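Asker: Input: one structure, supplied below.
Protein chains: 2
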Amino acid sequence: MHELLSYLEVEQPRINAVLDSETEMLDELVRPVLRHVLKAGGKRLRPLLTLLTARGLGYTGEDIYLRACSLEFLHSATLLHDDILDGAALRRGFPATHLVFGQTQAILAGDVLLALGNKLMAESGDPRLTACISEAIMHTALGEIAEIAHIRDATLDFEGYLAIITGKTAYLIQAACMCGALLAKAGATIEQAAADFGLNLGIAFQLVDDALDYASTAESVGKPVGADLREGKLTLPLLHYLQAADQPERDDLAHKIKTSELTDADITALVRRVQSMGADRQTRDLAGRYLAKAAAGLDLFPESPEKALLSQMIQYVRTREK
Amino acid sequence: MHELLSYLEVEQPRINAVLDSETEMLDELVRPVLRHVLKAGGKRLRPLLTLLTARGLGYTGEDIYLRACSLEFLHSATLLHDDILDGAALRRGFPATHLVFGQTQAILAGDVLLALGNKLMAESGDPRLTACISEAIMHTALGEIAEIAHIRDATLDFEGYLAIITGKTAYLIQAACMCGALLAKAGATIEQAAADFGLNLGIAFQLVDDALDYASTAESVGKPVGADLREGKLTLPLLHYLQAADQPERDDLAHKIKTSELTDADITALVRRVQSMGADRQTRDLAGRYLAKAAAGLDLFPESPEKALLSQMIQYVRTREK
Chain G
41 MHELLSYLEV EQPRINAVLD SETEMLDELV RPVLRHVLKA GGKRLRPLLT
91 LLTARGLGYT GEDIYLRACS LEFLHSATLL HDDILDGAAL RRGFPATHLV
141 FGQTQAILAG DVLLALGNKL MAESGDPRLT ACISEAIMHT ALGEIAEIAH
191 IRDATLDFEG YLAIITGKTA YLIQAACMCG ALLAKAGATI EQAAADFGLN
241 LGIAFQLVDD ALDYASTAES VGKPVGADLR EGKLTLPLLH YLQAADQPER
291 DDLAHKIKTS ELTDADITAL VRRVQSMGAD RQTRDLAGRY LAKAAAGLDL
341 FPESPEKALL SQMIQYVRTR EK
Chain A
41 MHELLSYLEV EQPRINAVLD SETEMLDELV RPVLRHVLKA GGKRLRPLLT
91 LLTARGLGYT GEDIYLRACS LEFLHSATLL HDDILDGAAL RRGFPATHLV
141 FGQTQAILAG DVLLALGNKL MAESGDPRLT ACISEAIMHT ALGEIAEIAH
191 IRDATLDFEG YLAIITGKTA YLIQAACMCG ALLAKAGATI EQAAADFGLN
241 LGIAFQLVDD ALDYASTAES VGKPVGADLR EGKLTLPLLH YLQAADQPER
291 DDLAHKIKTS ELTDADITAL VRRVQSMGAD RQTRDLAGRY LAKAAAGLDL
341 FPESPEKALL SQMIQYVRTR EK
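Going down the list, the sequences are from chains G and A. Note that the numbering used here has the first sequence beginning at 41, numbered continuously upward. Note that the numbering used here has the second sequence beginning at 41, numbered continuously upward.
Structure (structure tokens):
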């Protein structure tokens, strides 16, 4: 994965520079909020995917950074709104924006970022790109609505869970890859391959994220372990555990989750039990199957240095520990 | 204004039918929220302006309804988020969405509507349209941020007030008219004329709205009189009143507004005093000056039945009582 890391070392600062300069052009009233959102950093996964797919498919335009940053602005907007819904205290280890600047500012800054993302994409001159990100943002919001509809709901089944994570995470990652292919005017077959690559990579990314919530320490992921369960979100490791539990334990847990009766100590103990039965590992195994589908999409790409890096990206999602 | 009313009678149901059918295509989880938002109705001012400008400038495509409805979806999204920020209890006489479905649903439904509006516009195939609405949504959010920054602030001056209402209301109305001109490929001069028409109409529309808040009865506008002041928003009628008041009264009021010390009775009495000094009338007079600028923009349009209707629209904004 050495080449991917070298690529990131060069490209992440460039992406950050464009994110900063676009933010600095906005009204001073919203800048402090956006600076706070952007300083929390993150891997810039989505813009990197746009860069890699576009370049791997032959696009050489310098405007690629503006298009790539559109995806990061859209992603940041969904995080801003998401953190309000979740009542999240931390985001990437920093205090969540709605707690620092208030909910009102967080809602409106999210709207500004949604609009900025759309504007940067519209300026590509290709309406397929704007249509692509609009579809993705709609799916993202619908995924979050579905997640909230199933909060504290231990009857959530695998299909329901998959629909939620596909919506809230995978569609925007898919859009990042599709936008790259559309910019490169790669043609219908490759555009579909980029979509398949992105969607499956995105599903796997969220599966690994959900596994990490049951596997890591608070320090390593920048938020408390078992955070999903604390927010009432039933993710795959817990669904695996519930499925394997006997009926009385399952009923008892389902009831306690529904009525928010689990104490901090209960949650810590439950996270350990989920780990012991290997449910986080099972979740990563499933991620591996989606990564194989992503790899099948990528196989259709013509050979290029970027294709090799995208392949390393698959490896990165498979093995990441935070 | 008879012809405009006849036009509305034909076109409003068509617009509503497209709004409904687009909403029905969305996921069932979000449909009840959107039905609630749309059933509150409203005049469909923005889509009507898109219809009238596009047709008046020679556009005959049947897809005009989809583009026009994009504007209404975007507008509804801003209302959804705005009502959360304001803690509004009513919208057009119906309970506000965030109170019926919860804040979470209102935030996400707003995001869905923003995305749907962008998608419907992107499907026009002309990226200038998406760029236009993205700019407008950004300005709208920034206008609302500016409004919130000046909440309970009696030092707000006329320029500050004008920037707020231009942002939060006029840019989207401007976009409605510009999109019509862009669809019709009317050329730079007419596109600018449509922008001037829309921006000034929008400023006047909000001025009249702010005047009505000091002039109407609760029944006629579907929300309590003096609602803006109750939310801590200082609008032009009150700014006029404060300017005319002597220093002690001005200081006393500024202090009470700042510290939220005004009782319901205080507010009712103050609204009456603002009315008595004719401050709502002064605000409507200023609206008239912006409507004259709107008319100057419209003058550049080629003659058409729709141009006559747009002229009646100016008259409608001038004289509306709710």
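Even for Gly, the Cβ is constructed at its ideal location relative to N, Cα and C. The structure displayed is predicted, hence computed values, not measured ones.
Below 9 Å between beta carbons is the criterion; list the residues of the region 155-168 of chain A that meet it against any residue of chain G, in chain order.
Answerer: A155, L156, G157, N158, K159, L160, M161, A162, E163, S164, G165, D166, P167, R168
Asker: So that I know if they touch, is there some Cβ in chain G lying closer than 7 Å to that of A146 of chain A?
Answerer: no
Asker: Any beta-carbon of chain G closer than 7 Å to the one on S174 of chain A?
Answerer: yes
Asker: For T137 of chain G, is the classification buried or exposed, using 16 other Cβ atoms within 10 angstroms of its Cβ as the cut-off for buried?
Answerer: So T137 of chain G counts as buried.
Asker: Can you grab the Cα-Cα spacing for the pair A327 of chain G / Y211 of chain G, in whole Å?
Answerer: In a straight line, the C-alpha of A327 of chain G is about 16 Å away from that of Y211 of chain G.
Asker: Give the C-beta separation of F367 of chain A and G157 of chain A to the nearest angstrom, bearing in mind that I take them to be a contact with Cβ-Cβ under 8 Å.
Answerer: In this structure chain A extends from 41 to 362, so residue 367 of chain A is not present and cannot be described.
Asker: Which residues, taken in chain order from the region 107-134 of chain A, show a beta carbon closer than 7 Å to some beta carbon of chain G?
Answerer: H121, I124, L125
Asker: Within 10 Å of its beta-carbon, does K225 of chain G have 16 or more other beta-carbons around it, so buried, or fewer, so exposed?
Answerer: exposed
Asker: Do the region 201-208 of chain G and the region 297-309 of chain G make contact, defined as three or more Cβ pairs closer than 8 Å?
Answerer: no
Asker: Going straight from the alpha carbon of Q287 of chain G to that of Y281 of chain G, what length do you get?
Answerer: In this structure, the straight-line span from the alpha carbon of Q287 of chain G to that of Y281 of chain G is close to 12 Å.
Asker: Going by C-alpha to C-alpha distance, which of A:N56, A:A244, A:L269 sits closest to T299 of chain A?
Answerer: Ranking the options by Cα distance to T299 of chain A, first place goes to A:L269.
Asker: Does the beta carbon of E231 of chain A come closer than 7 Å to any beta carbon on chain G?
Answerer: no
Asker: Spell out whether any CB of chain A is found under 7 Å from the CB atom of V70 of chain G.
Answerer: yes
Asker: I need the DSSP call for R192 of chain G, collapsed to helix, strand or coil.
Answerer: coil
Asker: Thinking just about the alpha-carbon of each residue, which of A:G272, A:E346, A:T170, A:D60 is nearest to the one in L48 of chain A?
Answerer: A:E346
Asker: Mind checking which residues open and close the alpha helix (DSSP H) that includes R360 of chain G?
Answerer: Segment: none, R360 of chain G is in no alpha helix (DSSP H) and carries neither H nor E.
Asker: Mark F198 of chain A as exposed unless 16 or more other C-beta atoms lie within 10 angstroms of its C-beta, in which case mark it buried.
Answerer: exposed
Asker: Between I124 of chain G and the rest of its own chain, which residues show a CB-CB distance below 6 Å, the 5 nearest in sequence each way excluded?
Answerer: So the list reads H138, Q143, A146, once near-sequence residues are dropped.
Asker: With a threshold of 6 Å on Cβ separation, who are the neighbours of L302 of chain G within its own chain once the five nearest residues in sequence on each side are excluded?
Answerer: K296
Asker: A155 of chain G and L120 of chain G look like a contact to me (Cβ under 8 Å); what is the Cβ gap, rounded to whole Å?
Answerer: With a Cβ gap of about 13 Å, A155 of chain G and L120 of chain G do not count as contacting.
Asker: Closest to D253 of chain A by C-alpha separation, out of A:Y330, A:T180, A:Y105, A:L276, would be which residue?
Answerer: Checked all of A:Y330, A:T180, A:Y105, A:L276; the closest Cα to D253 of chain A is A:L276.
Asker: I need the boundaries of the alpha helix (DSSP H) containing A255 of chain G, first residue and last residue.
Answerer: Per DSSP, A255 of chain G is not a residue of any alpha helix (DSSP H), being assigned neither H nor E.
Asker: In three-state terms, what does DSSP make of F341 of chain G?
Answerer: coil
Asker: Would you call the region 46-62 of chain G and the region 99-108 of chain G touching, i.e. three or more CB-CB distances under 8 Å?
Answerer: Of all C-beta pairs linking the region 46-62 of chain G to the region 99-108 of chain G, three or more are shorter than 8 Å, placing the two stretches in contact.
Asker: Do you know whose CA, among A:A189, A:Q322, A:L241, lies nearest I213 of chain A's CA?
Answerer: A:L241
Asker: Along the chain, where does the alpha helix (DSSP H) that runs through G12 of chain G open and close?
Answerer: One cannot answer for residue 12 of chain G here, as it falls past the ends of chain G, which runs 41 to 362.
Asker: On a CA-only basis, which of A:A181, A:D151, A:L279 is nearest A194 of chain A? Give me that one, please.
Answerer: A:L279
Asker: Would you say V152 of chain A faces chain G, with C-beta separation under 7 Å as the test?
Answerer: yes
Asker: Going along chain G in order, which residues have a C-beta closer than 7 Å to the C-beta of M178 of chain A?
Answerer: Residues of chain G passing the Cβ test: V152, A155, L156, K159.
Asker: Report the CB separation of L340 of chain G from I230 of chain G in whole angstroms; it is logged as a contact under 8 Å.
Answerer: Contact between L340 of chain G and I230 of chain G holds, with the beta-carbon distance rounding to 6 Å and staying under 8 Å.
Asker: Pick out the complete alpha helix (DSSP H) segments inside the region 254-320 of chain A, 4 residues or longer, and give them in chain order.
Answerer: Qualifying alpha helix (DSSP H) stretches, in chain order: 258-261, 267-270, 276-284, 287-298, 304-316.
Asker: For the region 179-196 of chain A against the region 64-84 of chain G, are there 3 or more C-beta pairs whose distance is under 8 Å?
Answerer: yes
Asker: Strictly under 7 Å for the Cβ-Cβ distance: is D185 of chain G near chain A by that measure?
Answerer: In the sequence on display, residue 185 of chain G carries Ile and not Asp. By this cut-off, I185 of chain G is an interface position.
Asker: Can you list, in chain order, the residues of its chain whose CB lies under 6 Å from that of S116 of chain G, leaving out five sequence neighbours each side?
Answerer: V77, L153
Asker: Against chain G, does I204 of chain A count as a neighbour if the rule is that its beta carbon must be under 7 Å from one of theirs?
Answerer: Not one chain G Cβ lies under 7 Å of I204 of chain A.
Asker: Look at the Cβ atom of A94 of chain G, then the Cβ atom of L239 of chain G, and state whether they are nearer than 7 Å.
Answerer: Taking C-beta atoms as the reference points, A94 of chain G and L239 of chain G fail to come closer than 7 Å.
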